[in-house]
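Using full-length UniProt numbering, you'd call the opening residue of the sequence shown number 1 and step up by one each time. Everything below concerns the one structure shown next.
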Amino acid sequence: MPQKNKAVFLDRDGVLNQEMGDYVRRLEDFHVLDNFETLKTLQDRGYMLLVATNQGGLAKGWYDEAELSKMHQHLKKVYAEKGVQLTDFFYCPHHPDFTGECDCRKPKPGLLLQGIEKYNIDPSLSYFIGDRERDVEAGTAAGVTGILINSDQPLSEILHQIA
């Protein structure tokens, strides 16, 4: 059996890019946070970096898949220029008020479970960094260790919590 990988799942808004309050709707409003060194350290420790984000603005019609893709490609490019590889993005396009319940909207673990399956990840060796309690709940439900930060908090402040 192939060896399992370890990963750090990352919420997007408030962790990788500046929290805007409601939804980041346009690439022009997308401001990347400087967490390059910390994420490079985690990558160098053998962690795969995966993004898991609720994007209910899609269900609300506030932006479309093309705009979301632009934002994610921009984020990936900015981090890549600093030597950090964001391996994949998992997002929930649903919102309970518009599309009903789903299995992927955090605090449900669906997004993390997708990543765990796709990349053969060992949850017991993995983490989920988020700025909302629902992120920690999703991590716990998926069997990964959740780490709660304040929105836009430098990730260097929690690096010691990850082996």
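Using N, Cα and C, we set each Cβ at its ideal position, and we do this for glycine too.
Would you kindly work out how many angstroms separate the C-alpha atoms of residue i and residue j, rounded to a whole number?
i, j, result
"K118", "S69", "20 Å"
"G146", "G61", "30 Å"
"G115", "D103", "14 Å"
"A66", "E28", "14 Å"
"Y47", "F90", "17 Å"
"A142", "H95", "21 Å"
"D34", "K76", "13 Å"
From the options, pick the residue whose C-alpha is nearest to that of residue i; which is it?
i, options, result
"P107", "V136, V8, P2, F98", "V136"
"L111", "H31, N5, L148, R12", "R12"
"residue 172", "V8, Q161, E81, P154", "As displayed, the chain neither begins before 1 nor continues past 163, which places residue 172 out of reach and without an answer."
"G139", "L125, S151, P109, H160", "P109"
Strictly by DSSP, which residues pair up with residue i?
i, result
"C92", "N54"
Give the C-beta separation of residue i and residue j to the nearest angstrom, bearing in mind that I take them to be a contact with Cβ-Cβ under 8 Å.
i, j, result
"I121", "L10", "Contact doesn't hold; Cβ gap of about 14 Å is too wide."
"F36", "V84", "6 Å"
Can you tell me whether residue i sits near the ligand PLP, meaning its C-beta is under 7 Å from at least one heavy atom of the ligand?
i, result
"L33", "Absent from the structure shown: the ligand PLP. Ligands present: none."
message: For a minimum of 4 consecutive residues, which ranges assigned as the alpha helix (DSSP H) are wholly contained in the stretch 106 to 158?
response: 110 to 118, 133 to 142
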